[in-house]
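Taking it in order: structure first as structure tokens, then the write-up.
Residue numbers (this note's numbering): 1 to 322.
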């Protein structure tokens with residue numbers, strides 16, 4: 001079983017890295033959208049959306065917002081690029097015609113950065129971050145209560161659509177606005193936390209983290225994952241030093257360290273959240289698409305919770321240094 005998990009995980013990691021670095025932002029968003037829809041199919045099983053009509057409505061409610069967000073993001077990026085070309089053309093014309101006042105003004109004028117000025121889309125990161133913090137507090141303080149919580153099918157559908165849509169949105173925007181390196185760092189951060197929690201828990205785990213929800217998770221594994229997050233941030237700063245031949249500023253280094261640990265922390269409760277949904281439904285895995293791992297949701301549960309918080313942190317860090 002472990003060998004099968006390792007083989008499947010290694011192949012997935014290689015394919016994901018290839019997609020992150022080789023695909024354009026548009027194709028990456030489309031591929032991520034396809035994975036999101038596969039996860040949505042599994043959520044239909046978890047939430048009790050059993051009829052064709054229910055599933056059709058659920059998928060339409062996901063696809064239309066995804067298309068709208070994608071095209072709006074592309075419009076903002078294209079607008080910024082077009083504005084830069086227009087300003088450069090006017091600057092060159094004014095400089096050649098000796099219009100010193102105009103050329104001097106344009107020479108000192110910065111093009112609005114779409115990563116900072118992208119409208120209300122950035123504000124949309126607040127609801128999912130708040131949602132996952134509430135989930136974390138509920139699981140931590142009242143695990144039996146959240147297990148006993150009975151929601152109607154339509155409410156489960158709304159919750160699933162919300163978390164899947166926001167995960168797709170902020171991973172896509174992270175790739176489009178900040179590049180493949182940060183997407184890969186986020187994924188490595190999540191994976192290192194998961195792997196460390198698994199092996200540290202098996203070796204040293206005695207006290208269960210949340211036995212009612214997931215008996216296999218331990219307190220030792222929990223702290224092991226947090227340490228892995230901190231070490232990932234240190235490794236990133238060292239790579240920065242090697243690549244740029246200088247250390248990042250203390251503010252950036254400390255911010256990345258804090259963001260990495262918090263991302264791993266919240267991601268653990270994304271895993272537990274899906275475990276709650278599986279226990280309420282009475283199933284072990286969300287699917288069988290990935291040999292040794294279960295379904296798509298079994299592999300992306302940590303990513304669901306971590307993506308919005310990580311994106312929000314990167315956005316705030318970028319505003320500080322820009």
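C-beta atoms are modelled at their ideal positions from N, C-alpha and C, and glycine is treated no differently. It should be emphasised that the depicted structure is a prediction, and the values quoted were computed from it without experimental measurement.
Between the C-alpha atoms of residue 229 and residue 258, what's the straight-line distance to the nearest angstrom?
About 9 Å.
Verify whether the separation of the beta carbon atoms of residue 163 and residue 222 is less than 8 Å.
Not a contact, by the Cβ cut-off of 8 Å.
Going by beta-carbon coordinates alone, are residue 145 and residue 47 separated by less than 8 Å?
Not a contact, by the Cβ cut-off of 8 Å.
Determine the direct distance from the alpha carbon of residue 266 to that of residue 294, and round the result to whole angstroms.
Those two C-alpha atoms are separated by around 22 Å.
Answer yes if the region 162–179 comes into contact with the region 122–134, meaning at least three C-beta pairs across the two stretches below 8 Å, and no otherwise.
Yes, since at least three Cβ pairs between the region 122–134 and the region 162–179 fall closer than 8 Å, the two stretches touch.
Pull up the distance between the alpha-carbon of residue 289 and that of residue 235, whole angstroms please.
Roughly 33 Å between the two C-alpha positions.
Quick check: what's the CA-CA separation for residue 181 versus residue 21?
Distance between residue 181 and residue 21, taken at the CA atoms: about 8 Å.
Inter-residue Cα distance where the pair is residue 279 and residue 149:
For the pair residue 279 and residue 149, the Cα-to-Cα distance works out to about 12 Å.
Quick one: grab the DSSP three-state call for residue 291.
It is coil, neither helix nor strand.
Measuring CB to CB, does residue 297 end up less than 8 Å from residue 19?
Result no, Cβ atoms of residue 297 and residue 19 do not sit closer than 8 Å.
According to DSSP, simplified to helix, strand and coil, what is residue 65?
Here residue 65 sits in helix by DSSP.
Complete runs of the beta strand (DSSP E) confined to the region 183–212 [at least 3 residues]:
Listed in chain order, they are 208–210.
Does residue 107 come out as helix, strand or coil in the three-state DSSP assignment?
At residue 107 the pLDDT is 49, less than 50, meaning the model places this residue with poor confidence; the figure from the coordinates comes in the next sentence. Helix.
Nearest to residue 12 by CA position, among 29, 35 and 24, is which residue?
Sorting 29, 35 and 24 by C-alpha distance to the C-alpha of residue 12 places 35 at the top.
Which residue spans inside the region 8–56 form an unbroken alpha helix (DSSP H) run of at least 4?
Complete alpha helix (DSSP H) runs here, min 4: 25–47.
Assuming contact is defined by CB atoms lying nearer than 8 Å, are residue 226 and residue 264 in contact in what I supplied?
In this structure, residue 264 lies closer than 8 Å to residue 226 by Cβ.
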